[in-house]
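Following: one structure in C-alpha cells, then a few remarks.
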Amino acid sequence: MQNNPIEIDNENKIKLKPELMVEEKLYPLIHENSVFLFFKDENKLIHCYEISDKETKEKIINNPDKIIEILEGFNK
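For the sequence shown, our numbering gives the first residue as 1, with consecutive numbering after it.
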C-alpha cells in the first residue's frame, strides 16, 4: 500500500487509513461492482455510504474519471 487513504489490498479487501484522510473530503471507490463513498467529518468520524441508485451506479462504473461530476448531477 502507498499513501492513499483508501485502497484495495492483496486480499481484495478495502483498507482505510483515516490518518491520511482530509476532513470534509469525499473519497469515492468502485469495488466489486459497487460504488462506495467515504467521508471523514470534523469530529474525525469516518462515514461510508454505498450508492444504491442503479442508474447512478452504472454511470459511475462506466465513467470512473467523472465520479464527482456524476454525483454532483445526482444531487441536483
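We treat Cβ as the ideally placed atom computed from N, Cα and C, and that holds for glycine. None of these values were measured; they are calculated from a predicted model.
- In the DSSP assignment, residue 60 falls within the alpha helix (DSSP H) that extends over 54-62.
- Across the set 15, 22, 35, the C-alpha of 35 shows the shortest separation from the C-alpha of residue 70.
- If the five residues before and after residue 57 are omitted, its C-beta is found closer than 8 Å to the C-beta atoms of 34, 35, 51, all from its own chain and listed in chain order.
- The beta carbon of residue 64 is closer than 7 Å to those of 30 in its chain, skipping five residues each way along the sequence.
- Per DSSP, residue 51 lies in no alpha helix (DSSP H) and is assigned neither H nor E.
- In the structure shown, residue 16 adopts extended strand secondary structure according to DSSP, grouped into three states.
- Between the C-alpha atoms of residue 19 and residue 53 there is a straight-line separation of about 30 Å.
- Secondary structure of residue 66 (DSSP, three-state): helix.
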